[in-house]
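Quick look at the structure:
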């Protein structure tokens, strides 16, 4: 079974400090990797995807195939970054659209 | 577009009762997903449809769970009979899936189910 592992359930950081959310995935082919975010009282939404190679809201994520990781990073956390973050991977050839999510990491940014 | 619409937003029911959750995907999307969110297990994919056809229902926990998509604009997730361990937030999401490109998933606001 495809797996996505987010080892940290909770990350508490101070405003202005760097934040890194870890994500490891089970290897199978060449999956697409994503980070989704759920802010308080908002819908779960896409933050970024590895094929875009872009920075969204100051966040970046690099796909490391050797380590099968897709860690999310931001050099200077802001209070508005407080949210639940989910790492996700696509399925295999016969179930490409099947996104599997990790358990999620709750980020709390304190002033 | 109002996005993915789910109903009801909240449901409280007693064990043994039938529960039906509804979802209207975004117009033009060809894939629909049902997820369940709990504190213990996070977001679990229950079933997904492509062009109204169920593609993978391996995440459906038991025969008590069933899902249908009679047309491109409506889907239901039914639990019969419901049990307290079914208490969770159920999310519906839709996307436009094209060949080997995984489209962005657009989520509904969720249906919070409590089974007493």
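Protein chains in written order, with my numbering: chain A, 20 to 130; chain B, 326 to 441. The beta-carbon is built from N, C-alpha and C at its ideal position, and this holds for glycine as well. Computed from a predicted model, the values in this text were never measured in an experiment.
CB contact flag (residue i, residue j, <8 Å)
i: residue 344 of chain B; j: residue 438 of chain B; result: yes
i: residue 352 of chain B; j: residue 420 of chain B; result: no
i: residue 52 of chain A; j: residue 108 of chain A; result: yes
i: residue 391 of chain B; j: residue 417 of chain B; result: no
i: residue 27 of chain A; j: residue 92 of chain A; result: no
i: residue 78 of chain A; j: residue 65 of chain A; result: no
i: residue 117 of chain A; j: residue 382 of chain B; result: no
i: residue 341 of chain B; j: residue 409 of chain B; result: no
Same chain, Cβ closer than 7 Å to residue i, neighbours up to 5 away in sequence not counted
i: residue 434 of chain B; result: 331, 334
i: residue 375 of chain B; result: 355, 356, 422
i: residue 57 of chain A; result: 63, 102, 103
i: residue 82 of chain A; result: 52, 69, 89
Secondary structure of residue i, DSSP reduced to three states
i: residue 406 of chain B; result: coil
i: residue 382 of chain B; result: coil
i: residue 86 of chain A; result: coil
i: residue 388 of chain B; result: coil
i: residue 369 of chain B; result: strand
i: residue 429 of chain B; result: coil
i: residue 343 of chain B; result: coil
DSSP beta-bridge partners of residue i
i: residue 335 of chain B; result: B/437
i: residue 396 of chain B; result: B/399
i: residue 39 of chain A; result: A/92
i: residue 349 of chain B; result: B/330
i: residue 75 of chain A; result: A/78
i: residue 358 of chain B; result: B/373, B/418
i: residue 30 of chain A; result: A/126
Distance between residue j and residue i (C-alpha atoms, nearest Å)
i: residue 368 of chain B; j: residue 33 of chain A; result: 27 Å
i: residue 50 of chain A; j: residue 75 of chain A; result: 21 Å
i: residue 398 of chain B; j: residue 94 of chain A; result: 42 Å
i: residue 29 of chain A; j: residue 124 of chain A; result: 5 Å
i: residue 371 of chain B; j: residue 361 of chain B; result: 7 Å
i: residue 72 of chain A; j: residue 415 of chain B; result: 31 Å
i: residue 430 of chain B; j: residue 337 of chain B; result: 27 Å
i: residue 365 of chain B; j: residue 378 of chain B; result: 30 Å
Nonlocal neighbours in the same chain, by C-beta distance under 6 Å from residue i, ignoring five residues either side
i: residue 110 of chain A; result: 117
Item to check | chain D contacts made by the region 336-367 of chain B, where a contact means CB separation under 7 Å | outcome: Reference to chain D is not applicable here, since the protein chains of this structure are A and B.
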